[in-house]
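Student: Chains as they are written, first to last, in the numbering used here: chain A, 188 to 391; chain B, 188 to 391. Backbone N, C-alpha and C define an ideal beta-carbon position, used for all residues, glycine too. A quick note: this is a predicted structure, and the numbers were derived from the prediction, not measured.
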DNA sequence: ACCTGAACACCGTTCAAGT
DNA sequence: ACCTGAACACCGTTCAAGT
């Protein structure tokens, strides 16, 4: 974008590299991302990216942080819309927001979820992730306090919801949903339905 | 193993390469696997592996097929032991067997689950995977027939069990379980507990 | 039939030198 | 301050030539 690369200096190379990385990601998944190719797409020499990112992992990290921002926005927006609902219904809204984000931005989800390729600790990733977990826990605790949920372990419910949502999203990007559901092709709808059922089952 | 590489010809290069690949996998995950390094470890030139495997993906495929054999064995053994139990209890035994395999052989699980790196179609992988799904479906159908389960969708139950187990196993290899459960460190035990709870919930 | 070793087109990363 | 371009040590893969 806007890379009117008119001279020796690029001007907005950092952003251009992140854009190019996202394009490579969409073209061929995470292993198709190379610093050299991103540099070429940005019209710059192979060494240039290393002025802005210390490593390939750091470049992918930047994409991951962008992805996390979008996920956080999607969740915050869903929670705002659901503000008047009961705690468990807000929990449901949060789960649905995660699924929508993961299925509509599969490459972003792939980058965020594949540790080894990013530096999850440093940066804002860990903090943002923890914040989401805290929001989930808070909602479940509220649901217990209000009597909406009874006789459940909040930690167990939390992790099994998260693991189910994560599993569905991962099966989607790992090409495993394709072989399960021959019919509609509406994998997001199917995933949303299963999470809904699981949350319903928490109520007994 | 047994690679008394005494001359120009190796003798058991194919097996030696698969062994070396598994070691590389254990050392540094899937992206640490290189054909050249496997060749070096097997004491052979960089081009030699291509007499036995047409590509890096094919080499990883061979590891994946070995992994699938072990998974199938683990499941068959669990089902044999549970032969006298009710259909739903056999379903539970199958789920537990999957979790044990995935948590005790994380690198095997990683290779099998990461499409893009292997050729899941060709080979016996697809067939073995389909067989497991059929076994699961059969058990759930039997549980419905015998009245052990009522008022559930077999397809939904099937996929949500699978997605939960897959999600837990993936969170384990993606390093995401570490940040959730600070206590015991017994991630397999935790995963088994959550699957048990989910299966219990199917009974209402 | 199986393996070598050079070759090709790629990588990530570094670093002097240019602007 | 930012970028180039050559360099290094790696890749996957091919292929003539050796045994």
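Quick one: list the residues of chain B neighbouring residue 223/A, beta-carbon separation under 7 Å, in chain order.
Tutor: Numbered from its first residue, the first chain carries residue 223/A at position 36. What residue 223/A touches in chain B: nothing, since even the nearest Cβ is about 17 Å away.
Student: Along the chain, which unbroken stretches of the alpha helix (DSSP H) at least 4 residues long are found entirely within the region 275 to 314 of chain B?
Tutor: Counting whole runs of 4 or more residues, the region 275 to 314 of chain B contains the alpha helix (DSSP H) stretches 293 to 300.
Student: Where does the unbroken alpha helix (DSSP H) through residue 379/B begin, and where does it stop?
Tutor: Position 192 of the second chain holds residue 379/B. Where residue 379/B is concerned, the enclosing alpha helix (DSSP H) stretches over 374 to 389.
Student: Considering only residues of the region 323 to 355 of chain A, which uninterrupted alpha helix (DSSP H) runs meet the minimum length of 4 residues and lie entirely inside it, listed in chain order?
Tutor: Here no run is fully enclosed.
Student: What distance in whole Å lies between the Cβ atoms of residue 319/A and residue 389/A, which are believed to be in contact at a cut-off of 8 Å?
Tutor: For the purposes of this step, residue 389/A is identified with residue 202 of the first chain, where counting begins at 1. For the purposes of this step, residue 319/A is identified with residue 132 of the first chain, where counting begins at 1. About 18 Å; that fails the 8 Å criterion.
Student: Leaving out the 5 sequence neighbours to the left and right, which residues in its chain are closer than 8 Å to residue 391/A when beta-carbon positions are compared?
Tutor: Here the question's residue 391/A lines up with position 204 in the first chain. Excluding sequence neighbours, residue 391/A sits near 337, 338.
Student: I'd like to know if residue 260/A contacts chain B, where contact means its C-beta is closer than 8 Å to some C-beta of that chain.
Tutor: The count along the first chain starts at 1 and reaches residue 260/A at position 73. It does not: the Cβ of residue 260/A has no partner Cβ on chain B nearer than 8 Å.
Student: Under 8 Å between C-beta atoms, does residue 350/A make it to chain B?
Tutor: The count along the first chain starts at 1 and reaches residue 350/A at position 163. With 8 Å as the cut-off, residue 350/A counts as an interface residue toward chain B.
Student: Return the chain-ordered list of same chain residues with a C-beta closer than 8 Å to the C-beta of residue 371/B, the five sequence neighbours on each side being excluded.
Tutor: Within the second chain, residue 371/B is the residue found at index 184, counting from 1. Closer than 8 Å at Cβ, skipping near neighbours: 377.
Student: Apply the 10 Å Cβ neighbour rule to residue 241/B and answer buried if 16 or more other Cβ atoms are within range, or exposed otherwise.
Tutor: Indexing the second chain from 1 puts residue 241/B at position 54. The residue in question, residue 241/B, is exposed, as its Cβ has fewer than 16 Cβ neighbours within 10 Å.
Student: Taking residue 348/B as the reference, give the member of 341/A, 327/A, 382/A, 324/A with the closest Cα.
Tutor: Walking along the second chain from the start, residue 348/B turns up at place 161. Comparing Cα positions, the closest option is 382/A.
Student: Quick check: is the beta carbon of residue 302/B nearer than 8 Å to any beta carbon in chain A?
Tutor: Here residue 302/B is taken as the residue at index 115 of the second chain, counted from 1. True, the Cβ-Cβ gap to chain A drops below 8 Å.
Student: How big is the Cα-Cα spacing for residue 209/A and residue 251/A?
Tutor: As a first step, residue 209/A must be located in the first chain, where it is residue number 22. As a first step, residue 251/A must be located in the first chain, where it is residue number 64. Rounded to whole angstroms, residue 209/A to residue 251/A spans 10 Å at the Cα level.
Student: Flag this pair as touching only if the region 256 to 267 of chain B and the region 278 to 296 of chain B have three or more C-beta atom pairs under 8 Å; answer yes or no.
Tutor: Output reads yes: the region 278 to 296 of chain B touches the region 256 to 267 of chain B.
Student: Could I get the ranges of all uninterrupted alpha helix (DSSP H) runs contained in the region 199 to 253 of chain A, with 4 residues as the minimum, in chain order?
Tutor: Here the runs fully enclosed are 200 to 215, 222 to 228.
Student: At 9 Å on the CB atoms, spell out the chain A contacts of residue 374/B, in chain order.
Tutor: As a working mapping, residue 374/B is identified with position 187 in the second chain. Going along chain A, no residue has its Cβ under 9 Å from residue 374/B, so there is no contact; the nearest lies around 11 Å.
Student: Buried or exposed: where does residue 257/B fall if 16 or more other Cβ atoms within 10 Å of its Cβ makes it buried?
Tutor: Start at 1 with the first residue of the second chain, and residue 257/B comes out as number 70. Exposed.
Student: Since residue 278/A and residue 330/A are thought to touch, with beta carbons under 8 Å apart, how far apart are those beta carbons, to the nearest angstrom?
Tutor: Mapped onto the first chain, residue 278/A falls at position 91. Mapped onto the first chain, residue 330/A falls at position 143. Indeed, because the Cβ distance is near 7 Å, the residues count as touching under 8 Å.
Student: Would you please state the rounded distance, in angstroms, between the beta carbons of residue 300/A and residue 361/B? I believe it to be under 8 Å.
Tutor: In the first chain, residue 300/A corresponds to position 113, counting from 1. In the second chain, residue 361/B corresponds to position 174, counting from 1. Right, the Cβ-Cβ distance comes to about 6 Å (below 8 Å), so this counts as a contact.
Student: Grab me the residues of residue 295/B's own chain with a C-beta within less than 6 Å of its C-beta, minus the 5 sequence neighbours each way, in chain order.
Tutor: Locating residue 295/B in the second chain gives position 108, where the first residue counts as 1. Once the five neighbours on either side are set aside, the close Cβ partners of residue 295/B are 254.
Student: Taking only beta carbons into account, state which residues of the region 359 to 371 of chain B come closer than 9 Å to chain A, listed in chain order.
Tutor: From the region 359 to 371 of chain B, only 360, 361, 362, 363, 364, 366, 367, 368 have a Cβ closer than 9 Å to chain A.
Student: Between residue 343/A and chain B, is any beta-carbon pair separated by less than 8 Å?
Tutor: Sequence index remark: in the first chain, residue 343/A carries index 156 (1-based). Chain B, which has a Cβ nearer than 8 Å to the Cβ of residue 343/A, makes this yes.
Student: Closer than 8 Å by beta-carbon distance: list the chain A residues that pair up with residue 398/B, in chain order.
Tutor: Because residue 398/B is not part of the residues shown, which for chain B are 188 to 391, the question remains open.
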